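Residue numbers (the UniProt record's numbering): 1 to 628. Each residue gets a CB set at the ideal place from its N, CA and C atoms; glycine is no exception. As the structure is a prediction and not an experimental result, all values here were calculated from the model. To start, the structure under review is shown below, and the notes come after it.
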């Protein structure tokens with residue numbers, strides 16, 4: 001390229017020189033012709049020119065490099081300008097999309113004269129009133145609870161988990177990572193949030209109804225980390241949260257002795273730190289420096305960053321602990337999560353005793369359906385309705401009430417300039433909690449008749465008398481823990497949301513059909529626990545809410561057409577309930593608490609698993625065997 005440029009700049013009649021120059025870059029030689037000599041004079045032939053490789057090569061290379069750099073700079077500049085132009089269009093498209101939605105379903109839709117987008121307006125109660133006669137007179141055969149779940153899949157026969165092999169594995173693993181025998185130190189975690197989250201360390205959720213499930217996640221992950229680091233786990237402390245307002249501690253919810261004994265050989269668990277360590281920190285655990293672990297931390301992070309600090313200080317406190325361990329861990333650490341969740345964690349005797357009675361009473365009241373019943377996790381409490389920013393049939397008065405409640409509970413969170421609230425859009429996207437009448441219409445459409453016993457797992461329903469009335473018309477056999485238990489039995493549980501949630505969890509666990517209406521940690525854990533108990537099938541109805549809101553707004557739909565759609569939705573829940581994720585080595589992408597198989601399969605059928613709420617719980621065991 002450089003030779004071509006040099007040739008173009010020379011005079012046309014100087015071909016020989018130009019050729020010599022062009023050879024500069026090709027062969028490394030240069031011309032040595034003197035300007036003062038006559039080319040026609042007879043003189044001895046000149047000696048061959050001496051090669052000067054280094055100077056000429058370096059000069060040519062510098063020319064080429066400078067030309068190339070300038071060309072690349074021009075190319076980069078051009079591509080950068082093109083990228084910036086394209087980026088503007090990419091940023092503009094989402095804004096146009098959101099603007100269009102706001103025009104169609106937002107506060108300006110009336111100005112443009114658009115009709116409401118299907119599914120954006122709540123008209124479920126009107127549809128119920130319109131279809132009620134057809135529902136009452138529907139004489140088609142009722143769906144039998146014993147035949148709801150038709151989807152079958154051959155489940156591999158799992159070998160039992162031999163305790164000796166598992167314990168030996170942990171012993172060898174500890175020896176391989178430790179420089180000296182004995183434990184690395186003491187691990188303290190602060191269990192904050194709801195009981196679901198405390199059980200597995202999942203994310204914070206809204207209402208006090210899920211306090212129990214945060215505990216589950218927190219504790220399971222804490223045991224896994226203790227096993228990973230060969231640490232001694234101190235019984236987790238539950239913080240008094242301003243949202244849950246529940247003073248319950250670990251021993252109030254779980255059986256401490258059972259927890260410690262079932263983890264022996266895997267992880268050592270103690271109730272308190274040794275006195276010598278407590279003296280160092282003035283008898284106050286809060287004085288121990290808090291170590292903040294990154295979210296979804298990997299095994300390498302714990303072994304490379306946390307373990308050296310634990311060895312040096314002999315005690316480490318990690319807070320917060322939610323989402324602080326990745327799902328992708330070695331198989332023996334994953335097994336620790338399974339053992340903790342399905343063997344070690346058992347509700348305390350007061351909870352187990354009353355829960356057993358409530359399940360027995362539900363079975364007795366379900367005699368017309370062979371002792372089988374349906375449980376519904378109904379998320380229609382006032383705080384959930386307010387948080388969702390959805391609009392129902394309450395009109396302006398309800399809107400003002402919800403605005404006031406949001407401001408009181410969340411202090412300006414919903415009034416920020418960057419927060420756009422479009423209730424119609426929330427409904428279209430399936431983010432609105434299902435109302436009791438919507439749940440009733442869905443279940444009747446699926447084929448459940450008015451002889452079906454329904455258990456409602458919920459907190460205090462928003463405007464309960466008004467909203468539960470149509471559901472009770474469709475299902476007269478409607479029960480809650482308050483209607484099944486006596487006031488004296490519930491008195492010790494008042495003010496303890498975690499204990500009340502544990503009762504709902506247990507009754508829902510042993511239902512033939514579980515219905516989730518809004519998501520959250522409660523149904524995720526329950527679906528996983530049911531998969532563990534029922535050979536991989538969650539036996540859960542998870543409605544397609546985006547589809548459901550469109551059907552419930554349609555004031556022309558017939559009862560038969562609605563039933564056809566609901567039967568398809570039930571079949572889809574049946575299919576998805578049996579899904580088992582493909583797990584190869586450490587590539588798990590789903591929660592082991594929602595999909596416990598295949599890693600936890602070896603524990604199925606264990607006599608120590610948590611379906612035995614109390615020793616000698618014959619009613620629960622016989623019910624479990626009849627539903628397998």
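Legend entry - Helix, strand or coil at residue 365 [DSSP, three-state]: coil
Legend entry - Local Cβ density within 10 Å of residue 351, reported as buried at 16 or more and exposed below that: buried
Legend entry - Residue of 499, 526, 460 and 341 minimising C-alpha distance to residue 221: 341
Inset, instruction - Using three-state DSSP, classify residue 310 as helix, strand or coil. - result: helix
Inset, instruction - Please state if the CB of residue 271 and the CB of residue 235 are separated by a distance shorter than 8 Å. - result: It is a contact, given that the beta carbons lie within the stated cut-off.
Legend entry - Alpha-carbon spacing of residue 575 relative to residue 261, whole angstroms: Distance between residue 575 and residue 261, taken at the CA atoms: about 38 Å.
Inset, instruction - Identify whether residue 420 lies in helix, strand or coil by the three-state DSSP scheme. - result: coil
Legend entry - At least three beta-carbon pairs within less than 8 Å, the stretch 501-509 to the stretch 451-466: Short answer: they touch.
Inset, instruction - Name the two residues that bound the continuous beta strand (DSSP E) containing residue 377. - result: 374-377
Inset, instruction - State the CB to CB distance for the pair residue 186 and residue 231, rounded to an integer number of angstroms; the pair is presumed to be in contact (CB under 8 Å). - result: Right, the Cβ-Cβ distance comes to about 6 Å (below 8 Å), so this counts as a contact.
Legend entry - Backbone CA spacing between residue 675 and residue 392 [nearest angstrom]: This structure does not reach residue 675, given that the chain is present from 1 up to 628, and the question cannot be answered.
Inset, instruction - Check whether the Cβ atoms of residue 446 and residue 567 lie closer than 8 Å to each other. - result: Going by C-beta atoms, residue 446 is nearer than 8 Å to residue 567.
Legend entry - Own chain residues within Cβ distance below 6 Å of residue 512, not counting five before or after: Excluding five sequence positions before and after residue 512, the CB atoms of its chain that fall closer than 6 Å to its own CB belong to 145 and 372, given in chain order.
Legend entry - Nearest residue (CA-CA) to residue 252, options 541, 534, 500 and 592: 500
Inset, instruction - Apply the 10 Å Cβ neighbour rule to residue 269 and answer buried if 16 or more other Cβ atoms are within range, or exposed otherwise. - result: buried
Legend entry - Cβ neighbour criterion (16 or more within 10 Å) applied to residue 406: buried
Inset, instruction - Just the C-alpha distance for residue 580 and residue 264, rounded to the nearest angstrom, thanks. - result: 30 Å
Inset, instruction - Scan the stretch 320-353 and note each continuous alpha helix (DSSP H) run of 4 residues or more that stays entirely inside, going in chain order. - result: 331-339
Inset, instruction - With DSSP collapsed to three states, give me the class of residue 387. - result: helix
Legend entry - Local conformation of residue 477 per DSSP, three classes: coil
Legend entry - Test item: CB-CB of residue 380 and residue 461 under 8 Å: yes
Inset, instruction - Evaluate the contact criterion for the stretch 124-144 versus the stretch 556-564: three or more CB pairs, one atom per stretch, below 8 Å. - result: yes
Inset, instruction - Look up residue 237 in the DSSP assignment and give the residues it is bridged to. - result: 190
Inset, instruction - In the DSSP assignment, find the unbroken beta strand (DSSP E) run with residue 514 in it and report its ends. - result: 513-516
Legend entry - residue 292 - containing alpha helix (DSSP H), residue span: No alpha helix (DSSP H) holds residue 292; DSSP gives it neither H nor E.
Inset, instruction - Leaving aside the five residues before and after residue 485 along the sequence, list all residues of the same chain whose C-beta is less than 7 Å from its C-beta, in chain order. - result: 354 and 358
Legend entry - Close Cβ partners of residue 465 (< 8 Å) along its chain, the five nearest in sequence each way excluded: Cβ neighbours of residue 465 beyond the five flanking positions: none.
Inset, instruction - Return helix, strand or coil for residue 254, following the three-state DSSP convention. - result: Strand at residue 254.
Inset, instruction - Figure out for me which residue from 308, 343 and 294 has the closest Cα to the Cα of residue 319. - result: 294
Inset, instruction - Report the three-state DSSP secondary structure of residue 381 (helix, strand or coil). - result: strand
Legend entry - Cβ neighbours of residue 557 in the same chain (closer than 8 Å, five flanking residues each side left out): 127 and 551
Legend entry - Among 238, 402, 312 and 522, nearest to residue 377 - alpha-carbon criterion: 522
Inset, instruction - Determine the closest residue to residue 349 out of 520, 117, 553 and 503, with distance taken between C-alpha atoms. - result: 503
Inset, instruction - In angstroms with no decimal places, state the Cα-to-Cα distance between residue 527 and residue 518. - result: 13 Å
Legend entry - Boundaries (first-last residue) of the beta strand (DSSP E) holding residue 280: It is not in any beta strand (DSSP E) - residue 280 instead sits in the alpha helix (DSSP H) that spans 275-280.
Inset, instruction - Starting from the C-beta of residue 493, find all residues in its chain whose C-beta is less than 6 Å away, skip the five residues before and the five after it, and write them out in chain order. - result: 499 and 500
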